[in-house]
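Written below as structure tokens is the structure these notes are about.
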Amino acid sequence: LVQMAGVPSGGNSTLVYFVSQDCAVEEGRVAGAGGSIFKPKMSIGPYGFISLCTDTEGNMFGVHSMK
3 LVQMAGVPSG GNSTLVYFVS QDCAVEEGRV AGAGGSIFKP KMSIGPYGFI
53 SLCTDTEGNM FGVHSMK
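The sequence shown begins at 3 in my numbering and counts up by one.
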């Protein structure tokens, strides 16, 4: 991901997911790093769980875990 002139940051493009043991743990670290929680940990059925967060520039990213 790179900054580009004329392209605003935000949740309107590619969404990167990071894998973790438990996305609730990583979600708990987001605010301390200056980000925010867009959607707290939620089930995606047999595919596990995800949290959707935004970084300090407003870019959205996901965290995925199986528990």
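By construction, the Cβ of each residue, glycine as well, lies at the ideal position given by its N, Cα and C atoms.
Here the structure is a predicted model, which is why all the values come from computation and not from measurement.
Beta-carbon gap between residue i and residue j smaller than 8 Å
i, j, result
"E29", "I39", "yes"
"C25", "I52", "yes"
Bridge-paired residues (DSSP) for residue i
i, result
"T56", "S38, M62"
"S67", "F51"
"S15", "DSSP lists no partner for S15."
Residue i - containing beta strand (DSSP E), residue span
i, result
"Y19", "18 to 21"
Endpoints, alpha helix (DSSP H) assigned at residue i
i, result
"G7", "Here residue 7 turns out to be Ala, not Gly, going by the sequence shown. Where A7 is concerned, there is no enclosing alpha helix (DSSP H), given that its DSSP letter is neither H nor E."
"A33", "Segment: none, A33 is in no alpha helix (DSSP H) and carries neither H nor E."
Any chain C beta carbon closer than 8 Å to residue i
i, result
"E28", "In summary, chain C is missing from the structure at hand, where a single protein chain is found."
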